[in-house]
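Contents: one structure, followed by commentary.
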Amino acid sequence: MKTIMLMNAKGGSGKSTLATNLAAYYALCGQKVALADFDLQGSCMDWLSVRPEERPKIAGIPAATRSLKLARDTDYLIMDAPGAIHGRAIDRLVRRVETLIIPVTPSPVDFRATARFIQELLLVRQVSRSKTRVACVANRVRDVSHSYEALERFLDRLGIPLIATLHDSDSYIRAAGLGLSIFELKDKEAGRDQRPWMPLLRWIDGERLPPVIKNVNREMDGFSNIDKFDDMELSAI
Numbered sequence: 002m003k004t005i006m007l008m009n010a011k012g013g014s015g016k017s018t019l020a021t022n023l024a025a026y027y028a029l030c031g032q033k034v035a036l037a038d039f040d041l042q043g044s045c046m047d048w049l050s051v052r053p054e055e056r057p058k059i060a061g062i063p064a065a066t067r068s069l070k071l072a073r074d075t076d077y078l079i080m081d082a083p084g085a086i087h088g089r090a091i092d093r094l095v096r097r098v099e100t101l102i103i104p105v106t107p108s109p110v111d112f113r114a115t116a117r118f119i120q121e122l123l124l125v126r127q128v129s130r131s132k133t134r135v136a137c138v139a140n141r142v143r144d145v146s147h148s149y150e151a152l153e154r155f156l157d158r159l160g161i162p163l164i165a166t167l168h169d170s171d172s173y174i175r176a177a178g179l180g181l182s183i184f185e186l187k188d189k190e191a192g193r194d195q196r197p198w199m200p201l202l203r204w205i206d207g208e209r210l211p212p213v214i215k216n217v218n219r220e221m222d223g224f225s226n227i228d229k230f231d232d233m234e235l236s237a238i
């Protein structure tokens, strides 16, 4: 099972948006996906609550759950970390994670907050010993070259790779309101917004998973809810 966490102590970075879209992407690829929502706002669980029944199923696990029980055949566990996370709480979550993605928006306030968070993160043994892969995603980027260039310089100084650039788009708002991902929308705007995800998906998996972007309009069937759980436990905060 591959474990992926979206984390940033700064609120408003788009963690939940990335988490839900990643979960839906892998479900569209035919993978068994669980989405764990550690954020007390519960945005991922709200998204799942309106997800159409006919879409590929994603098992949801709310933050209030003290132990995360997963189906034995779960392929991907996507986790939305809580906001304002610091110190030992970071260590408790990251020790379970193979891949950590930090979304950051291109604003000076976010730069400073993310810099402080990354400094804390680099003290975590799992990260300092390179047992957890870490990368940043530029999120909600508009066509303002100065802010994006500043973000690149900022991350370069921290030694964290900038894997992908996702643009500020209404596609994400429309998809979220329907319980869908941008990979499940059929319009041209969503199609343009799907392409910037490919560097991130390749970084996570290499070429192991077939790209679903060319087939997002194809109806998927043969999926069922995950209903058998094993004894695996992850400590919630």
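For what it's worth, the numbering used here labels the leading residue of the sequence shown as 2, then goes sequentially. Built from N, CA and C at the ideal position, the CB exists for glycine as well. Note that the structure is predicted; figures quoted are calculated from it, not measured.
For residue i, the first and last residue of its enclosing beta strand (DSSP E)
{"i": "M80", "result": "77-81"}
{"i": "P104", "result": "100-105"}
{"i": "T4", "result": "3-7"}
Beta-carbon proximity check, residue i vs residue j, cutoff 8 Å
{"i": "L41", "j": "A64", "result": "yes"}
{"i": "T133", "j": "V95", "result": "yes"}
{"i": "G12", "j": "R141", "result": "no"}
{"i": "L23", "j": "G180", "result": "no"}
{"i": "A136", "j": "W204", "result": "yes"}
{"i": "D76", "j": "M6", "result": "no"}
{"i": "M8", "j": "I86", "result": "yes"}
{"i": "I102", "j": "L159", "result": "no"}
{"i": "S170", "j": "E190", "result": "yes"}
{"i": "S172", "j": "L152", "result": "no"}
{"i": "V34", "j": "I59", "result": "yes"}
Residues bridged to residue i (per DSSP)
{"i": "H168", "result": "V142"}
{"i": "A114", "result": "Looking at the DSSP assignment, A114 forms no beta bridge with any residue, so it has no partner."}
{"i": "R134", "result": "T100"}
{"i": "L163", "result": "C137"}
Boundaries (first-last residue) of the alpha helix (DSSP H) holding residue i
{"i": "L94", "result": "89-95"}
{"i": "I205", "result": "199-206"}
{"i": "G180", "result": "Segment: none, G180 is in no alpha helix (DSSP H) and carries neither H nor E."}
{"i": "D74", "result": "Where D74 is concerned, there is no enclosing alpha helix (DSSP H), given that its DSSP letter is neither H nor E."}
Proximity test, residue i beta-carbon vs the ligand COA heavy atom, cut-off 7 Å
{"i": "L186", "result": "Among the components modelled here there is no ligand, and therefore nothing to report on the ligand COA."}
Report task. Ignoring anything shorter than 4 residues or poking outside the segment 11-71, list the alpha helix (DSSP H) runs there in chain order. Result -> 16-29, 44-50
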